[in-house]
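J.: Residue numbers (the working numbering), protein chains in the order written: chain H, 39 to 226; chain R, 62 to 515.
Here is the structure:
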């Protein structure tokens, strides 16, 4: 018998009596979800900018190489579609990426994989990250978040909450472990 | 063979370090409490998480088949492994068929459980653990001492010294920011050279046929978006039925584990990179046997957050290595003797049964009840040392006979105070190694009560 069938058989032999699924939860709501989003984002090491253009940020002005996936915001010294191999993205200073919505309770932004094309690596390999999110697209909690995500077959999607970080050395929090050293969210 | 108590004694011999270890973990526990208190429906979330796990485990075979169907439709190759050997062979075969000899790994306790690294290394694969804490212990040729905080037992000076030798950082430098920066550079070059990325799985979703991986560092994302080959290894209990269930578990996981509202990156892999390949290896390795045991079944609901370790007064003061198993702490003390009762017989006793683990567990596993139940099993199956079994038998005999109990009380009150210390605290009295007996009262409570009421 294949391992697959052996495992499934032994699971069916030892399974407990069937129990039902719990009722769905609705989760905390906030009087001002945007304010909650901002507070949480700051707490996780991120930064919120209300309105404006990514090009107005210092981090954009000072960058040598910028990869933008946001329509209307120009890249600088990087042509994502001309690059064949994602390894060539090492050295990009700033990535500017559209987020679909934000989550107030945990400061996370949902980025569906298709906006990252042609190279998924861009969100994690860049030194700094700017996420551009529609200002009226902040949900209260993850229950609402998962209600609105539409799953495509063979896809990728990610919640990003603040910059890459680690506390593996004596519980000292350090930003910029492998991914972005900073994470700025522009609500507009 | 040394048990938990002996290894804990060795750890605790360095008193100031033990105190520091204790405080480091308590700091994480306090952060967890703050996060839990910020969610009014926290207890309802724990109930829901527990109910979803119970439900899933009651139909695990069906959900695994659903997962396999949907994952295959996503273009993912699904493999099944009955044990560690089969798991390791599958991973190696996938790598070999791509001529991949440089592998970057993000955190996976399952591959530690299966001892994958030495297996692959013996076959010419260079394996780099990329989580900073895991890389540190890998360079030290040690296992992780905690499932979420692998290097929690080390001081920054230890790591500074290690990095000086291994990565060429300045001698004596121990600033965490400086050391993290050095590791970032070192590991980035590993990511750039890697031919394959291996990740663990925090959650696999039957409905979508995809897996979810949570990291703060972004190492899982680096490792799966540069090389075209992604292998994800999962214990089969990681499965949940629907994507909406992720909301329940993700709201609990990081808050319970590290006191964060969520991890920085929560990545949903529902297929390979364009032009790439993705494999999921589903592993049993003793899990179906645990599923068959009513008392211990719910331990399969564990989401590996580490909260039970952070809160455990024994873990905090004895360190992860004292458990001698890849998963330490209260949950490890249930899982380890399932793997090998004889080798890990001391673990269910490495608990004060205070119940703090049960209180913080996000999926409401009755950890301390299971530890107690395991003690009974070990005593019944005579795995526990004779001395302990004899003591238990004598206690049981005396305590179940009221007259005998009263007589022995009077006898001991009369005798013990007169006995030489060397006898009372002889080697037979393990309880007395670090404890003093209370002063023997002249009269028993029963005598006092009788006097008062007459």
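Even for Gly, the Cβ is constructed at its ideal location relative to N, Cα and C.
Keep in mind it's a predicted model, so treat the numbers as computed, not measured.
Going by the DSSP bridge assignment, what does residue 88 (chain H) pair with across the sheet?
T.: Walking along the first chain from the start, residue 88 (chain H) turns up at place 50. According to DSSP, residue 88 (chain H) bridges with H:225.
J.: Let me know the beta strand (DSSP E) ranges lying completely inside the stretch 90 to 161 of chain R, each 3 residues or longer, listed in chain order.
T.: 137 to 142
J.: Can you name the residues of chain R whose CB is closer than 8 Å to the CB of residue 128 (chain H)?
T.: Locating residue 128 (chain H) in the first chain gives position 90, counting from the first residue. Listed along chain R, the residues sitting closer than 8 Å to residue 128 (chain H) by beta-carbon distance are 249, 253.
J.: What residue range is occupied by the uninterrupted alpha helix (DSSP H) comprising residue 466 (chain R)?
T.: Position 405 of the second chain, counted from the start, is the residue given in the question as residue 466 (chain R). Element bounds for residue 466 (chain R): 463 to 476.
J.: For residue 357 (chain R) and residue 117 (chain R), what's the separation of their Cα atoms in angstroms?
T.: To locate residue 357 (chain R), count along the second chain from 1; it is residue 296. To locate residue 117 (chain R), count along the second chain from 1; it is residue 56. Their Cα atoms are separated by approximately 15 Å.
J.: Closer than 8 Å, Cβ to Cβ, to anything on chain H: give me those residues from the stretch 274 to 289 of chain R, in chain order.
T.: Within the stretch 274 to 289 of chain R, the qualifying residues are 277, 278, 279, 280, 282, 283, 286, 287.
J.: Between the stretch 206 to 220 of chain H and the stretch 100 to 118 of chain H, do at least 3 Cβ pairs fall closer than 8 Å?
T.: no
J.: Whose C-beta lies closer than 6 Å to the C-beta of residue 170 (chain H) among residues of the same chain, with five residues either side of it excluded?
T.: Numbered from 1 along the first chain, position 132 holds the residue referred to as residue 170 (chain H). 108, 136, 224, listed in sequence order.
J.: Using the Cα positions of residue 209 (chain H) and residue 203 (chain H), report the straight-line distance between them to the nearest angstrom.
T.: Here residue 209 (chain H) refers to the residue found at position 171 when the first chain is read from its first residue. Here residue 203 (chain H) refers to the residue found at position 165 when the first chain is read from its first residue. Looking at the two C-alpha atoms, the distance is approximately 11 Å.
J.: Return the bridge partner residues of residue 136 (chain H) from the DSSP annotation.
T.: Against the first chain, residue 136 (chain H) aligns to sequence position 98. H:170, per the DSSP bridge assignment.
J.: Report yes if the C-beta distance between residue 394 (chain R) and residue 408 (chain R) is below 8 Å; otherwise report no.
T.: Here residue 394 (chain R) refers to the residue found at position 333 when the second chain is read from its first residue. Here residue 408 (chain R) refers to the residue found at position 347 when the second chain is read from its first residue. Yes, these two residues count as a Cβ contact at 8 Å.
J.: Taking the C-alpha atoms as reference points, what is the distance between residue 206 (chain H) and residue 371 (chain R)?
T.: Indexing the first chain from 1 puts residue 206 (chain H) at position 168. Indexing the second chain from 1 puts residue 371 (chain R) at position 310. C-alpha separation (whole angstroms): 15 Å.
J.: Measure the C-alpha to C-alpha separation of residue 412 (chain R) and residue 195 (chain R) and round it to an integer number of angstroms.
T.: Start at 1 with the first residue of the second chain, and residue 412 (chain R) comes out as number 351. Start at 1 with the first residue of the second chain, and residue 195 (chain R) comes out as number 134. Each residue's Cα considered, the two are about 27 Å apart.
J.: Between which two residues does the beta strand (DSSP E) holding residue 338 (chain R) run?
T.: Within the second chain, the letter at position 277 stands for residue 338 (chain R). It spans 338 to 344 - the beta strand (DSSP E) in which residue 338 (chain R) sits, taken as one unbroken run.
J.: Pull up the DSSP beta-bridge partners for residue 193 (chain H), would you.
T.: Stepping through the first chain from its first residue, residue 193 (chain H) is reached at position 155. DSSP lists R:331 as partners of residue 193 (chain H).
J.: Are the Cβ atoms of residue 121 (chain R) and residue 79 (chain H) separated by less than 8 Å?
T.: Position 60 of the second chain holds residue 121 (chain R). Position 41 of the first chain holds residue 79 (chain H). Taking 8 Å as the Cβ cut-off, residue 121 (chain R) and residue 79 (chain H) do not qualify as a contacting pair.
J.: Give the residues of chain C in contact with residue 216 (chain R), contact being defined as C-beta atoms less than 8 Å apart.
T.: Absence of chain C from the displayed structure is noted, the protein chains being H and R.
J.: State whether the stretch 74 to 90 of chain H contacts the stretch 142 to 162 of chain H, with contact taken as three or more CB pairs (one from each stretch) at a distance under 8 Å.
T.: yes
J.: Can you name, in chain order, every residue of its own chain whose Cβ lies under 6 Å from the Cβ of residue 163 (chain R), other than the five neighbours on each side?
T.: Numbered from 1 along the second chain, position 102 holds the residue referred to as residue 163 (chain R). Result list for residue 163 (chain R): 187, 254, 255, 256, in chain order.
J.: On the CB-based measure, 16 or more other CB atoms within 10 Å of its CB, does residue 222 (chain H) come out buried or exposed?
T.: Position 184 of the first chain, counted from the start, is the residue given in the question as residue 222 (chain H). Buried: at least 16 other Cβ atoms inside 10 Å.
J.: Using beta carbons (cut-off 8 Å, strictly below), is residue 164 (chain H) in contact with chain R?
T.: Residue numbering aside, residue 164 (chain H) sits at position 126 when the first chain is read from its first letter. No - not a single Cβ of chain R is within 8 Å of the one on residue 164 (chain H).
J.: Under 7 Å Cβ-Cβ, which residues of chain H neighbour residue 135 (chain R)?
T.: Locating residue 135 (chain R) in the second chain gives position 74, where the first residue counts as 1. Chain-ordered, the chain H residues with CB closer than 7 Å to the CB of residue 135 (chain R) read 191, 192.
J.: Bridge partners of residue 271 (chain R), per DSSP?
T.: Taking the second chain and counting its residues from 1, one reaches residue 271 (chain R) at position 210. Per DSSP, R:266.
J.: Would you kindly report the start and end of the unbroken beta strand (DSSP E) that includes residue 259 (chain R)?
T.: Taking the second chain and counting its residues from 1, the one referred to as residue 259 (chain R) is at position 198. Residues 257 to 260.
J.: Would you kindly work out how many angstroms separate the C-alpha atoms of residue 239 (chain R) and residue 224 (chain R), rounded to a whole number?
T.: As a working note, residue 239 (chain R) is residue 178 in the second chain. As a working note, residue 224 (chain R) is residue 163 in the second chain. Straight across, the Cα-Cα distance linking residue 239 (chain R) with residue 224 (chain R) is about 11 Å.
J.: Distance, Cα to Cα, residue 129 (chain R) vs residue 267 (chain R)?
T.: Sequence index remark: in the second chain, residue 129 (chain R) carries index 68 (1-based). Sequence index remark: in the second chain, residue 267 (chain R) carries index 206 (1-based). Roughly 8 Å separates the two Cα atoms.
J.: How would you label residue 284 (chain R), buried or exposed, when you count the other beta carbons within 10 angstroms and need 16 or more for buried?
T.: As a first step, residue 284 (chain R) must be located in the second chain, where it is residue number 223. It counts as buried.
J.: Keeping to the same chain, check which residues put their C-beta closer than 7 Å to that of residue 486 (chain R); ignore five residues upstream and five downstream.
T.: Residue mapping note: residue 486 (chain R) aligns to position 425 of the second chain, counting from 1. The beta carbon of residue 486 (chain R) lies closer than 7 Å to those of 493 in the same chain, with the five residues before and after it left out.
J.: What are the start and end residues of the alpha helix (DSSP H) that includes residue 457 (chain R)?
T.: Indexing the second chain from 1 puts residue 457 (chain R) at position 396. Residue 457 (chain R) -> alpha helix (DSSP H) spans 447 to 460.
J.: Using a Cβ cut-off of 7 Å, pull out every chain H residue sitting near residue 246 (chain R), in sequence order please.
T.: Your numbering for residue 246 (chain R) matches position 185 in the second chain. Result: empty, since nearest Cβ-Cβ is about 11 Å, beyond 7 Å.
J.: Would residue 128 (chain R) count as contacting chain H if we go by Cβ distances under 8 Å?
T.: Residue mapping note: residue 128 (chain R) aligns to position 67 of the second chain, counting from 1. For residue 128 (chain R), the answer is no, since every Cβ of chain H falls outside 8 Å of its Cβ.
J.: Classify residue 187 (chain R) as helix, strand or coil using the three-state DSSP reduction.
T.: Residue 187 (chain R) sits at position 126 when you count from the first residue of the second chain. Correct three-state label for residue 187 (chain R): strand.
J.: By Cβ distance, which residues of its chain are closer than 6 Å to residue 376 (chain R), with the 5 residues on each side in sequence left out?
T.: Here residue 376 (chain R) refers to the residue found at position 315 of the second chain. Counting only Cβ-Cβ distances below 6 Å, and skipping sequence neighbours, we find 370, 390.
J.: To which residues of the same chain is residue 68 (chain R) closer than 6 Å at the C-beta, ignoring the five residues directly before and after it?
T.: On the second chain, position 7 is the one that residue 68 (chain R) refers to. Sequence-distant partners of residue 68 (chain R) (beyond 5 residues in either direction) whose C-beta falls short of 6 Å from its own C-beta, in its chain, are 383.
J.: For residue 185 (chain H), go through chain R and note every residue whose CB falls closer than 9 Å to its CB, in chain order.
T.: As a first step, residue 185 (chain H) must be located in the first chain, where it is residue number 147. 305, 308, listed in chain order.
J.: Considering just the uninterrupted stretch of the alpha helix (DSSP H) at residue 296 (chain R), what are its terminal residues?
T.: Taking the second chain and counting its residues from 1, the one referred to as residue 296 (chain R) is at position 235. Not the alpha helix (DSSP H): residue 296 (chain R) falls in the beta strand (DSSP E), residues 290 to 296.
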